[in-house]
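Just so it is clear: in the sequence shown, position 73 is 76 by my numbering, and no numbers are missing. Each remark here refers to the structure printed beneath this line.
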Amino acid sequence: MLIDSNIIIYAAKPEHDALRRFIAEHTPAVSAISYVEVLGYHRLTEQERQHFEAFFAVAPILALSQAVLEQAVKLRQLKKMTLGDALVAGTALAHNLTLVTRNAKDFNWITGLSVLNPFEEAQYQP
Numbered sequence: 004m005l006i007d008s009n010i011i012i013y014a015a016k017p018e019h020d021a022l023r024r025f026i027a028e029h030t031p032a033v034s035a036i037s038y039v040e041v042l043g044y045h046r047l048t049e050q051e052r053q054h055f056e057a058f059f060a061v062a063p064i065l066a067l068s069q070a071v072l073e074q075a076v077k078l079r080q081l082k083k084m085t086l087g088d089a090l091v092a093g094t095a096l097a098h099n100l101t102l103v104t105r106n107a108k109d110f111n112w113i114t115g116l117s118v119l120n121p122f123e124e125a126q127y128q129p
């Protein structure tokens, strides 16, 4: 599994304990893009920054390889999408991972990409 930035951010909120359990049970990887998106947010509080840095210190972070870049290019040639989404989806495709995101509709059109929205899954009870 590869978790999208929005899942990392939701999991940091106190009301999403079930999402934290879901992540702990599945030990998903993260894209280097999510690392930049989450830690690069200019309005992070010091407490949030420390929390996210601790998370990324233990999460497997998948780099932007040539295979990821090629997948992202193909996706952007097929349909208009943000660079971040293309790189995250490209990472999932290149590593044959299920993409876990709350924004499943942004990715459902991608052939060969398995997408899971934990907010809609029976195993996740917020």
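Don't be surprised by glycine CBs; every beta carbon is placed ideally from N, CA and C. If you're wondering where the values come from, they're calculated on a predicted model, not measured in any experiment.
- Message: Going by DSSP in three states, A62 sits in which element: helix, strand or coil?
- Response: Within the sequence shown, numbered from 1, the residue matching residue 62 stands at position 59. In the structure shown, A62 sits in coil (DSSP, three-state: anything other than H, G, I, E or B).
- Near Q128, which residues of its chain fall below 7 Å by C-beta distance, leaving aside the five closest residues on each side in sequence? If you number the sequence shown from 1, residue 128 lands on position 125. Caution applies to Q128, whose pLDDT of 49 falls short of 50 and renders its modelled position unreliable; the model cannot decide the point.
- Task: Name the residue from T114, L72, K108 and N111 whose alpha carbon lies nearest to the alpha carbon of T94.
- Result: Position 91 of the sequence shown holds residue 94. Of all alpha-carbon atoms in T114, L72, K108 and N111, the one lying nearest the alpha-carbon of T94 is that of L72.
- Task: Would you mind sorting Y44 into buried or exposed? The rule is 16 or more other CB atoms within 10 Å of its CB.
- Result: Locating residue 44 in the sequence shown gives position 41, counting from the first residue. Under the 10 Å beta carbon count, Y44 is surrounded by fewer than 16 other beta carbons and is classified as exposed.
- Does DSSP classify A15 as helix, strand or coil? The residue you call residue 15 lines up with position 12 of the sequence shown. It is coil, neither helix nor strand.
- Taking C-alpha atoms, which residue in L47, L81, Q53 and F58 lies nearest to A6? Against the sequence shown, residue 6 aligns to sequence position 3. The identity of residue 6 in the sequence shown is Ile, whereas the question assumes Ala. Nearest of L47, L81, Q53 and F58 to I6, Cα basis: F58.
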